[in-house]
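For reference, each letter of the sequence shown is one residue, going 1 to 324 in UniProt numbering. Here's the structure we're looking at; comments come further down.
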Amino acid sequence: MKKIAVFTSGGDAPGMNACIRAIVRGAAYHGVEVYGIIRGYNGMIKGDIIPLNSQSVSNIIQRGGTILKSARSKEFMTSEGRQKAYDKLQELGIEGLVAIGGNGTFTGAEIFFNEFKIPTVGAPGTIDNDLYGTDYTIGFDTAVNTALDAIDKIRDTADSHDRVFFIEVMGRDSGYIAVQCGIAGGAEALMIPENLTPVDEIVTILNNGFAKQKSSSIVVVAEGDEEGNAQVVANKIREKMGSKIDIRVTTLGHIQRGGIPTAYDRILASRLGLGALEGLLRGEKNVMAGVINNQLVYTPFHDTITKKKPVSEDLIRMVEILST
1 MKKIAVFTSG GDAPGMNACI RAIVRGAAYH GVEVYGIIRG YNGMIKGDII PLNSQSVSNI
61 IQRGGTILKS ARSKEFMTSE GRQKAYDKLQ ELGIEGLVAI GGNGTFTGAE IFFNEFKIPT
121 VGAPGTIDND LYGTDYTIGF DTAVNTALDA IDKIRDTADS HDRVFFIEVM GRDSGYIAVQ
181 CGIAGGAEAL MIPENLTPVD EIVTILNNGF AKQKSSSIVV VAEGDEEGNA QVVANKIREK
241 MGSKIDIRVT TLGHIQRGGI PTAYDRILAS RLGLGALEGL LRGEKNVMAG VINNQLVYTP
301 FHDTITKKKP VSEDLIRMVE ILST
């Protein structure tokens, strides 16, 4: 394999640039030409593909976002769109791909291989940390620290005004960010998609706190919780507790996706980028590079896409015990 391309797809995550850098410089080390595809599968279809070299990725390891940009592509979901993408890759003689993204990205890559036999190795780039086949994904650590910084500040004002804050963090299908923020931020309660926490249970927790003279509380809510988002949950709590409680809601939103990646994310992204590249050059295909128990592993896309990565029950239990 002498020519490969790299692209980012789906939601951006801090550390993606460090991953791109590792792939490009690793390719240079191995004597392989590397191209960057701009805006993911959309750019592949349009032929928005540029050559990259070591200089192209200089001074990007500390930058958030992705220099290759990202976009979702409805056209790539059609056979006609994938044919256009294949034709553009063929024009440049590109023989393999490194995809940085999540479930949607890897689903597209697997379909693409089944139709056109273009091998792809993935690097897990998503702040949600919800991909089976790796302990941590690129961007998760930074997102947690960004959210935690906000939670620490909110706790100051909650304490000053004797308020209960419901803080919504990202996690439509995964509670990983919420769990880590709940533990590190000393939250009184936690609500995540993987573990149903009825509103009545939150009421009990808050009342128990008031009984112990606790004047303020933090409840961390993953956006995909079964009871609803933070605003919905807060409204339900107001209906049950009335004027005895002063509630505020803060939705952290996309602030969690941006910013300077932490040292951990830069190192993880570099390791996974190089691992994905070298796996591709060794003949791996339709797999995601991950790190489990500090060992580089490769997991088939099919497993990454279909298997659920559970949140540790020990961590959920820890929130309950430490909040009493």
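Note that beta-carbon positions come from the ideal geometry of N, C-alpha and C, so glycine has one too. From a predicted model like this one, the values you see are computed outputs, not experimental measurements.
In this structure the segment 224-235 does not lie against the segment 112-127, because fewer than three pairs of beta carbons, one per stretch, are closer than 8 Å. Taking C-alpha positions only, residue 40 is separated from residue 317 by approximately 39 Å.
A direct Cα-to-Cα measurement between residue 166 and residue 85 gives close to 45 Å. One alpha carbon belongs to residue 267, the other to residue 18, and they sit about 8 Å apart. Bridge partners of residue 33 according to DSSP: 3. Here residue 258 carries a coil assignment [DSSP, helix/strand/coil]. The alpha carbon of residue 281 has as its nearest neighbour, out of 32, 63, 8 and 199, the alpha carbon of 32. Scanning the segment 32-66 from its first residue to its last, the whole alpha helix (DSSP H) runs of 4-plus residues come out as 40-46. Residues 281 of the same chain have their beta carbon placed closer than 7 Å to that of residue 30, with the five preceding and five following residues left out of the count. The distance from the Cβ of residue 12 to that of residue 257 is about 6 Å, consistent with a contact at the 8 Å cut-off. In this structure the segment 297-314 does not touch the segment 152-170; the number of beta carbon pairs closer than 8 Å is below three. Residue 285 counts as buried, since at least 16 other C-beta atoms from the protein chains shown sit within 10 angstroms of its C-beta. In its chain, beyond the 5 residues on either side, 45 and 81 have a beta carbon closer than 6 Å to the beta carbon of residue 75. The beta carbons of residue 137 and residue 146 sit no closer together than 7 Å. For residue 79 and residue 4, the gap between their C-alpha atoms comes out near 22 Å. Inside the segment 55-143, DSSP marks whole alpha helix (DSSP H) runs of 4 or more residues at positions 79-92 and 103-116, from first to last along the chain. Along the segment 180-265, the beta strand (DSSP E) occurs as fully enclosed runs of 3 or more residues at 189-191, 217-222 and 247-251, listed in sequence order. According to DSSP, residue 284 shares a beta bridge with no other residue. Taking 8 Å as the upper bound for CB-CB distance, residue 319 and residue 176 are not in contact here, some 13 Å apart. Residue 277 places its beta carbon less than 7 Å from that of residue 23.
By the neighbour-count criterion, in which a residue is buried when 16 or more other Cβ atoms sit within 10 angstroms of its Cβ, residue 42 is buried. The beta-carbon separation of residue 100 and residue 8, rounded to 5 Å, stays under the 8 Å limit for a contact. Burial is judged here by how many other beta carbons sit within 10 angstroms of a residue's own beta carbon; residue 59 has fewer than 16 and is exposed. Assignment of residue 279 by DSSP, reduced to helix, strand and coil, places it in the helix class. In this chain, the alpha helix (DSSP H) harbouring residue 306 covers 301-306. Counted as a single uninterrupted DSSP element, the beta strand (DSSP E) harbouring residue 164 occupies residues 164-169.
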